[in-house]
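When you line the sequence shown up against the numbering used here, it's residues 3 to 150, in that order. A short write-up of the structure that comes next.
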Amino acid sequence: MIISRFFSSIVIMVLITSLLLIRLYEVPLFNDPLYDYFHSDFQLYDLPKLNVWKLIAGTSLRYLLNMVLSLWIIWFLYKRESYIHAALWVYLFAYIILMVAFTLLIDADSSFMKMALFYIRRFLIQPILLFILVAGFYFLKTKGNKLV
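Pasting the structure below:
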């Protein structure tokens with residue numbers, strides 16, 4: 003039991019380090035023309051010229067990598083197949099909804115739409131859902147899967 007927990011802890015640390023490395027090397031690894039745009043005072047400027055399909059492919063690849071690593075983290079934290087199934091459905095539905103919104107907002111030009119694009123892109127490229135799911139599954143585990 004102790005060896006199993008130790009092994010799980012090591013694997014979780016490696017997986018979290020992998021998520022950090024994806025974030026650290028995002029510029030050379032992923033073609034994202036919005037990176038420089040959102041690191042500037044983007045409210046004052048129009049969106050740069052974008053190859054939309056390339057942007058969607060790069061964003062989708064990053065989402066996929068974050069999703070796979072996150073699912074492994076959830077597995078090694080809880081070791082419950084039902085949690086993995088639930089998390090996978092959350093990731094798939096979130097991807098569809100966020101990617102549709104992301105694609106529609108690329109053509110928008112108002113300042114509200116730029117902020118919406120900024121936050122939707124953030125959900126797609128960063129493992130924010132992992133924090134939400136880990137907290138939710140912890141709550142379920144401590145409540146004995148009974149929602150009171």
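All residues carry an ideal CB built from backbone N, CA and C; glycine is no exception.
Which of helix, strand or coil DSSP assigns to Arg-7
Residue 7 sits at position 5 when you count from the first residue of the sequence shown. Correct three-state label for Arg-7: helix.
Taking the straight line between their C-alpha atoms, what separation do you get for Trp-77 and Phe-133?
Looking up residue 77 in the sequence shown gives position 75. Looking up residue 133 in the sequence shown gives position 131. When rounded, the distance between both Cα atoms is 14 Å.
Can you grab the Cα-Cα spacing for the pair Ala-89 / Ser-72, in whole Å?
In the sequence shown, counting from the first residue as 1, residue 89 sits at position 87. In the sequence shown, counting from the first residue as 1, residue 72 sits at position 70. Rounded to the nearest whole angstrom, the C-alpha separation of Ala-89 and Ser-72 is 9 Å.
My guess is that Leu-17 and Ile-86 are in contact by the Cβ rule of under 8 Å, so how many angstroms apart are they, rounded?
In the sequence shown, the residue the question calls residue 17 occupies position 15. In the sequence shown, the residue the question calls residue 86 occupies position 84. About 14 Å separates the Cβ atoms of Leu-17 and Ile-86, ruling out a contact at the 8 Å cut-off.
Pick helix, strand or coil for Lys-56, following the three-state DSSP scheme.
Indexing the sequence shown from 1 puts residue 56 at position 54. In this structure, Lys-56 counts as helix in the three-state DSSP scheme.
So Ser-113 is in the alpha helix (DSSP H); what residue range does that whole segment cover?
By 1-based counting over the sequence shown, the position of residue 113 is 111. From DSSP, the alpha helix (DSSP H) with Ser-113 extends over 113 to 127.
Can you find a CB in chain C that lies within less than 9 Å of the CB of Lys-143?
Judged by its chain identifiers, the structure shown contains no chain C, having just a single protein chain.
How about Ala-103 and Ile-127: do their beta carbons lie closer than 9 Å?
Stepping through the sequence shown from its first residue, residue 103 is reached at position 101. Stepping through the sequence shown from its first residue, residue 127 is reached at position 125. The answer is no: Cβ separation not under 9 Å.
Would DSSP call Tyr-27 helix, strand or coil?
As a first step, residue 27 must be located in the sequence shown, where it is residue number 25. Correct three-state label for Tyr-27: coil.
Rounded to whole angstroms, what's the CA-CA distance from Ser-62 to Arg-82? Just pull it up for me.
Within the sequence shown, the letter at position 60 stands for residue 62. Within the sequence shown, the letter at position 80 stands for residue 82. When rounded, the distance between both Cα atoms is 26 Å.
With Leu-79 and Val-136 assumed to form a contact (beta carbons below 8 Å), what rounded beta-carbon distance in angstroms separates them?
For this step, residue 79 is matched to residue 77 along the sequence shown. For this step, residue 136 is matched to residue 134 along the sequence shown. About 7 Å separates the two Cβ atoms, so the contact holds.
Burial state of Pro-50, where buried means 16 or more other Cβ atoms lie within 10 Å:
For this step, residue 50 is matched to residue 48 along the sequence shown. The residue is exposed, with fewer than 16 neighbouring Cβ atoms inside 10 Å.
Taking the alpha helix (DSSP H) that Leu-132 belongs to, which residues open and close that run?
Position 130 of the sequence shown, counted from the start, is the residue given in the question as residue 132. It spans 130 to 144 - the alpha helix (DSSP H) in which Leu-132 sits, taken as one unbroken run.
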